[in-house]
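Counting along the sequence shown from 1, when you hit position 166 you're at 166 in the UniProt record's numbering, and nothing is skipped either side.
See structure below.
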Amino acid sequence: MEDIEYKLRFLMNSMTLTVNSVKYAESAKNQLEFIKKFKNQKIIHCFIKDSQLPIITPLMGLPINQNETKHKLLFCQIAVGTPLFSSSEYAMNCKTPHGYDSFLISSSQEPIETVIKNFKKLSKTTNTLSSYSYVVPDINRVLILGEVDFTYDIQLENHYKNNELCENCNTSNSVTFCLAERAAFCSDCDKLFHNNNFTQRHSRFYFNEIGKKRFINCKYHSSTVIDYFCTDCSVPLCTNCRINDNLHQNHNLITYIQACDDLKTKISQDPEMEIVLKRTNSLITEIEQEITQFEQEITKDKDETAIRIRYMHEYT
Numbered sequence: 001m002e003d004i005e006y007k008l009r010f011l012m013n014s015m016t017l018t019v020n021s022v023k024y025a026e027s028a029k030n031q032l033e034f035i036k037k038f039k040n041q042k043i044i045h046c047f048i049k050d051s052q053l054p055i056i057t058p059l060m061g062l063p064i065n066q067n068e069t070k071h072k073l074l075f076c077q078i079a080v081g082t083p084l085f086s087s088s089e090y091a092m093n094c095k096t097p098h099g100y101d102s103f104l105i106s107s108s109q110e111p112i113e114t115v116i117k118n119f120k121k122l123s124k125t126t127n128t129l130s131s132y133s134y135v136v137p138d139i140n141r142v143l144i145l146g147e148v149d150f151t152y153d154i155q156l157e158n159h160y161k162n163n164e165l166c167e168n169c170n171t172s173n174s175v176t177f178c179l180a181e182r183a184a185f186c187s188d189c190d191k192l193f194h195n196n197n198f199t200q201r202h203s204r205f206y207f208n209e210i211g212k213k214r215f216i217n218c219k220y221h222s223s224t225v226i227d228y229f230c231t232d233c234s235v236p237l238c239t240n241c242r243i244n245d246n247l248h249q250n251h252n253l254i255t256y257i258q259a260c261d262d263l264k265t266k267i268s269q270d271p272e273m274e275i276v277l278k279r280t281n282s283l284i285t286e287i288e289q290e291i292t293q294f295e296q297e298i299t300k301d302k303d304e305t306a307i308r309i310r311y312m313h314e315y316t
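So, in structure tokens, the structure goes:
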């Protein structure tokens, strides 16, 4: 269940999403048959809505209504095979052409030529794939692995990611967090509060050096910042948790910042990370190749249409 929660949090870039329950399908035999059938094709793990045809799954993000807090999706494998970059209207109403197994669409309502140009621009800067989705018309290309019930509250998420504003002036963006004051300050307020020898001894952490996500509020005490990490339970703790929760007595506690540093080091040294990066870059390359091919098809169709129109004018 932790693995699925990690996947969901990654797809939503979330720090608060929690999995309530997972009902796994008894599909060990089916999974082997599925992998054998599509072994030479691209297969992805993803989350989809129940009873939805054609199947739609975003490359990043989840197909949920963010106005709600309780969500239920199917966890599955999909053999997307070779996708065709197309318009949403075409993908939702047509079968895949010969040589293709699925569609790749954009959520943008702009003309397909503009979408292609935007994607190329984005892929060179942020590599964002959040506005793109696979569309799979063939239900036989989907293997259901389980049903996931989870909680994701967009308002709570925004709160936990902290407001960008300084907690003193509420005007300028915060640039640092002071452990002694338990607050984030902008540059001017930082100088104002730490202008003497006593307050200059406060431990301050600057976001441009270590990032801002290391200073999040406790899940159970929303007004208190996370201070510790219990290595025995693998959970973050605030001061209230440490004092009032007997569960973590005599457990090994380290600072949350140290836990972040340890995790960053562990991830950077993990050989699987290189494999993940290669897969991600390979996916982006494949999509760019599909876009290039689609551009060529558009140009070809335009040229053929122009010839037909010219022919009609000449002989009518």
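Glycine is no exception: its CB is placed at the ideal position from the N, C-alpha and C atoms.
### Task
Using 10 angstroms around the beta-carbon of I139, count the other beta-carbons present and answer buried if the total reaches 16, otherwise exposed.
Taking the sequence shown and counting its residues from 1, one reaches residue 139 at position 139. Exposed, because fewer than 16 other Cβ atoms sit within 10 Å of the Cβ of I139.
### Task
Enumerate in chain order the residues of its own chain whose CB-to-CB distance from D153 is below 6 angstroms, with the five nearest sequence positions on each side excluded.
For this step, residue 153 is matched to residue 153 along the sequence shown. The residues T69, in chain order, have a CB closer than 6 angstroms to that of D153 in the same chain once the five nearest residues on each side in sequence are set aside.
### Task
Would you kindly check if the distance between the Cβ of F177 and the Cβ of R201 is under 9 angstroms?
In the sequence shown, counting from the first residue as 1, residue 201 sits at position 201. In the sequence shown, counting from the first residue as 1, residue 177 sits at position 177. Not a contact, by the Cβ cut-off of 9 angstroms.
### Message
Could you compute how far the alpha carbon of S268 sits from the alpha carbon of N252?
### Response
Translated into positions along the sequence shown, residue 268 becomes position 268. Translated into positions along the sequence shown, residue 252 becomes position 252. Straight-line Cα distance between these residues: approximately 24 angstroms.
### the segment 230-246 contacting the segment 187-199, beta-carbon criterion three pairs below 8 angstroms
Under the Cβ criterion (8 angstroms, minimum of three pairs), the segment 230-246 does not count as touching the segment 187-199.
### Message
Quick check on the DSSP output: the beta strand (DSSP E) that includes Q77 runs from which residue to which?
### Response
As a working note, residue 77 is residue 77 in the sequence shown. First-last of the beta strand (DSSP E) with Q77: K70 to A79.
### Task
Spatial neighbours of S187 within its chain, please: CB distance less than 7 angstroms, with the 5 preceding and 5 following residues excluded, ordered by chain position.
For this step, residue 187 is matched to residue 187 along the sequence shown. These residues qualify, in order along the chain: V175.
#### Entry: Pick from K72, R242 and L62 that is closest to F150, judged by C-alpha positions
To locate residue 150, count along the sequence shown from 1; it is residue 150. Out of K72, R242 and L62, K72 has the C-alpha closest to the C-alpha of F150.
### Candidates L84, P83 and S133: closest to S107 by CA position
For the purposes of this step, residue 107 is taken as residue 107 along the sequence shown, with counting starting at 1. Among L84, P83 and S133, the Cα nearest to that of S107 is on S133.
### Query
Mapping DSSP to helix, strand and coil, what is E167?
Locating residue 167 in the sequence shown gives position 167, where the first residue counts as 1. E167 falls in the coil class under three-state DSSP.
### Query
How should T57 be labelled, buried or exposed, when 16 other C-beta atoms within 10 angstroms of its C-beta is the threshold for buried?
Along the sequence shown, one-based indexing puts residue 57 at 57. Buried.
### Message
Is the beta carbon of F38 closer than 9 angstroms to that of R141?
### Response
For the purposes of this step, residue 141 is taken as residue 141 along the sequence shown, with counting starting at 1. For the purposes of this step, residue 38 is taken as residue 38 along the sequence shown, with counting starting at 1. Against a cut-off of 9 angstroms, the Cβ pair of F38 and R141 comes out as a contact.
### Query
Hey, would you say L237 sits closer than 9 angstroms to C218, going by beta carbons?
One-based indexing of the sequence shown puts residue 237 at position 237. One-based indexing of the sequence shown puts residue 218 at position 218. Yes, the Cβ-Cβ distance between L237 and C218 is below 9 angstroms.
### Message
Within 8 angstroms, do at least three Cβ pairs link the segment 52-66 to the segment 3-13?
### Response
With a cut-off of 8 angstroms, the segment 52-66 and the segment 3-13 count as touching, because enough Cβ pairs lie within range.
### Message
Check for me: the beta strand (DSSP E) holding T220 runs from which residue to which?
### Response
As a working mapping, residue 220 is identified with position 220 in the sequence shown. According to the sequence provided, residue 220 is Tyr. The question's Thr does not apply to it. Careful: Y220 lies outside any beta strand (DSSP E) and carries neither H nor E.
### Query
Under a three-way DSSP split, which group does A183 fall into?
The sequence position of residue 183 within the sequence shown is 183, counting from 1. If DSSP states are grouped into helix, strand and coil, A183 belongs with the strands.
### Message
Just to confirm the assignment: which complete beta strand (DSSP E) runs, minimum length 3, are found wholly within the segment 227-293?
### Response
228-230, 235-237 and 253-255
### Status (buried if at least 16 other CB within 10 Å, exposed otherwise) for C169
Looking up residue 169 in the sequence shown gives position 169. Exposed, because fewer than 16 other Cβ atoms sit within 10 Å of the Cβ of C169.
### Task
Can you tell me which of the three DSSP states E304 falls into?
Here the question's residue 304 lines up with position 304 in the sequence shown. Helix.
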